[in-house]
Amino acid sequence: MAKPLIQLALDSLDFDQTIGLATQAAPYVDIFEVGTPCVKHNGVNIVKELKARFPDKLVLVDLKTMDAGEYEATPFYAAGADICTVLGVSGLATIAGVVKAANAHGAEAQVDLINVPDKVECARESARAGAHIIGVHTGLDAQAAGHTPFSDLNDIARLGLNLRISVAGGIKQATVQDVVHAGANIVVCGAAIYGAPSPAEAAREIRELVEAA
114 MAKPLIQLAL
124 DSLDFDQTIG
134 LATQAAPYVD
144 IFEVGTPCVK
154 HNGVNIVKEL
164 KARFPDKLVL
174 VDLKTMDAGE
184 YEATPFYAAG
194 ADICTVLGVS
204 GLATIAGVVK
214 AANAHGAEAQ
224 VDLINVPDKV
234 ECARESARAG
244 AHIIGVHTGL
254 DAQAAGHTPF
264 SDLNDIARLG
274 LNLRISVAGG
284 IKQATVQDVV
294 HAGANIVVCG
304 AAIYGAPSPA
314 EAAREIRELV
324 EAA
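For the sequence shown, our numbering begins at 114 and goes up steadily by one.
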């Protein structure tokens, strides 16, 4: 079985800082995530820059689309995004719109389960709608309240759906192997890398832990 991909969440509003962090971590990660604050501030230009500088990396744009799925996602796929996110709470019509835009560009759509009440049913419906990736996501506010993504990950992994599972939510060196063992196909790390004294060293450590899991 293929080792999970490592995704780095790029959450800075600063364009140059974002590119600088990506450059440091590039040898050790597979996916650059243009985080929601970053994409709201920098738009399609940050996507174009990342694809130009790192053509061998996947770029995920965390749009968290809530409505007008095809219309909102299309310009980001056209700019080079490999994956765009749509909220599971948006409903099937919006999810289907992002899936349509993804398929038109040979790309992928990820459904984010953040704040979805029935995550299992949403995952099933998203798979039927053609989504390529399910995002098990414990947001920053939920993390601050002590929540983790592990329970939701176990529930989704047991379904055996024909899509990949991405996991985000406070993942760090001490927990990354547990996430891999629980069935994650994509491991998302943010502060564990960008908050470290040496982001490159932190990314290397996470890569080694994933490879050894």
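Where a beta carbon is used, it is the ideal one built from N, C-alpha and C, also for glycine.
When secondary structure is reduced to three states using DSSP, GLN286 falls in the coil class, being assigned neither helix nor strand. Restricting attention to beta strand (DSSP E) runs no shorter than 3 residues, the segment 151-220 encloses them at 171-178, 196-200, ordered along the chain.
Taking a contact as a CB-CB distance under 8 Å, the pair VAL211 and ALA191 does not count as one, their CB atoms being some 14 Å apart. Take LYS164, set aside five residues on each side of it, and the residues of its chain with a beta-carbon closer than 7 Å to its own are VAL172, GLY193, in chain order. DSSP places SER279 inside the beta strand (DSSP E), whose first and last residues are 277-281. Of the candidates PRO168, GLY243, ASP195, ALA209, ASP195 places its Cα closest to the Cα of VAL174. According to the DSSP assignment, GLY296 belongs to no alpha helix (DSSP H), since it is labelled neither H nor E.
Beta-bridge partners of LEU123 (DSSP): VAL147.
Going by DSSP, ILE227 is part of no beta strand (DSSP E) at all; its letter is neither H nor E. Between the alpha carbons of GLY148 and GLU183 lies a distance of about 19 Å. Collapsing the DSSP output to three states places GLY248 in a strand. Linking THR178 to ALA315 through their CA atoms gives a straight-line distance of about 31 Å. At the C-beta level, GLN137 and PRO310 stay beyond 7 Å of one another. For the 7 Å CB-CB criterion, ILE247 and ALA236 form a contact.
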